[in-house]
């Protein structure tokens with residue numbers, strides 16, 4: 001290693017973290033051991049980094065902050081608990097009503113189980129079936145991105161924030177982990193969409209929104225991974241959304 | 001309980017100090033840092049079931065905090081920042097030893113930096129994030145992070161060796 005390479009690595013070296021890798025670090029250390037000039041530069045850099053790190057961490061934390069955060073937590077739990085109780089009460093009432101109605105209606109309208117119909121449904125062309133589903137739900141006839149419909153595993157509704165939301169679910173099993181992408185259609189009469197964030201991120205999932213002003217709905221795509229590429233149609237695929 | 005062994009109270013106890021300090025260095029204000037810390041924990045606790053790996057709790061909280069900060073400043077009038085694009089990626093040798101840095105002066109220098117440079121430099125020095133971890137926090141390629149860090153470090157060292165920002169600490173404008 002020459003001094004030029006050593007200077008480059010010294011500028012990138014991150015004290016306490018092996019960002020250069022064991023071999024890079026070992027090579028650099030060998031050079032420093034035999035080069036007083038680079039060794040001096042290394043010391044100067046370490047001193048500067050240490051001084052900046054000390055100053056960066058010198059932030060006094062307000063003494064009452066922890067207690068305030070715990071009070072916030074208790075308040076949120078109380079609100080959530082009341083909300084859960086109300087929802088359970090409403091759910092119980094709905095179930096009682098549904099069971100009562102269900103017994104009456106289902107007794108006279110139960111169709112015979114027809115496996116041929118189930119198999120035919122499974123063999124439906126995904127493109128045609130998707131278009132039919134979108135039309136049936138009065139949704140845009142094109143998806144917000146060119147999703148690969150071969151990866152579509154279900155269409156239906158999902159209960160989100162207390163609302164039944166039409167959703168399409170895509171799964172990609174080609175990677176080391178099963179990836180999922182869900183396309184939700186949120187109508188303006190179900191959610192207040194004005195001022196909502198355009199995206200969100202958790203540890204494993206991301207969400208992005210698309211807007212269809214004509215139909216007054218927002219399309220929310222929640223997916224694993226850093227982007228939607230794994231779920232999009234490859235150039236040689238023939239099925240188009 | 002979000003994941004085994006990590007409940008909301010434990011999450012606060014384990015990370016509130018680091019979150020507050022990060023918020024302070026990002027915002028430059030104790031009041032804003034306190035608000036951001038409360039907001040970040042509020043959001044995090046509501047999404048706790050999404051946290052599957054307790055080892056990632058701190059990085060997850062840091063990301064929520066940064067998003068909260070970015071939302072907060074998005075509509076605020078953008079304050080003057082120092083463009084760093086013409087600064088070389090590789091800092092020259094520090095002129096001399098930097099025996100001590102005044103934390104308040106450091107904050108002034110950080111406030112002058114655009115957020116795209118401020119966030120990685122805070123994470124680099126304050127929480128000892130690796131280049132890869134910073135890249136994941138900011139959804140950036142690792143090379144971009146290394147480049148921004150090198151520029152920000154050069155600027156901080158130049159800026160903190162002088163009592164006030166000097167001409168050579170203000171390189172020409174350009175895109176980050």
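Residue numbers (my numbering), protein chains in the order written: chain S, 1 to 241; chain V, 1 to 176. Cβ atoms here follow ideal geometry from the backbone N, Cα and C, with glycine treated the same way.
| Check | Outcome |
| --- | --- |
| Continuous beta strand (DSSP E) stretch holding residue 253/S: start and end | There is simply no residue 253/S to check, as chain S begins at 1 and stops at 241 in what is shown. |
| Rounded Cβ spacing between residue 52/V and residue 204/S (contact assumed at less than 8 Å) | 6 Å |
| Contact set between the region 17-34 of chain S and chain V, restricted to residues whose Cβ is under 9 Å from the partner | 17, 18, 19 |
| Cα-Cα separation between residue 234/S and residue 227/S, rounded to whole angstroms | 15 Å |
| Residue 86/V to residue 23/V span [Cα, whole Å] | Confidence at residue 86/V is low in this model, with a pLDDT of 48, below 50, so its placement is unreliable and the value that follows should be read with caution. Their Cα atoms are separated by approximately 28 Å. |
| Residue 165/S to residue 73/V span [Cα, whole Å] | 32 Å |
| Residues of its chain near residue 139/V, where Cβ-Cβ distance is below 8 Å and the 5 sequence neighbours each way are ignored | none |
| CB contact check: residue 52/V to chain S, cutoff 8 Å | yes |
| Buried or exposed (CB count within 10 angstroms, at least 16 for buried), residue 66/V | buried |
| Local conformation of residue 14/V per DSSP, three classes | helix |
| Contacts around residue 149/V, its chain only, beta-carbon distance under 7 Å, and the 5 residues preceding and following it disregarded | 120, 121, 124 |
| Interface flag, residue 174/S vs chain V, CB-CB below 8 Å | no |
| Chain-order list of residues whose beta-carbon lies under 7 Å from that of residue 152/V (same chain, five-residue window excluded) | 84, 113, 117, 120, 121 |
| Where the region 65-83 of chain S meets chain V: residues whose CB sits under 9 Å from a CB there | 65, 66, 68, 69, 70, 72, 73, 76, 77, 80 |
| Beta-carbon gap between residue 110/V and residue 25/V smaller than 8 Å | yes |
| Interface positions of the region 108-123 of chain S facing chain V (Cβ-Cβ less than 9 Å), listed along the chain | none |
| Length-filtered (4 minimum) alpha helix (DSSP H) runs lying within the region 14-79 of chain V | 30-46, 57-74 |
| CB of residue 213/S within 8 Å of CB of residue 219/S, strictly | no |
| 8 Å Cβ cutoff met for residue 133/S and residue 163/S | no |
| Near-chain S residues of the region 142-153 of chain V (beta-carbon distance less than 7 Å), N- to C-terminal order | 146, 150 |
| Min CB distance residue 47/V to chain S below 8 Å | yes |
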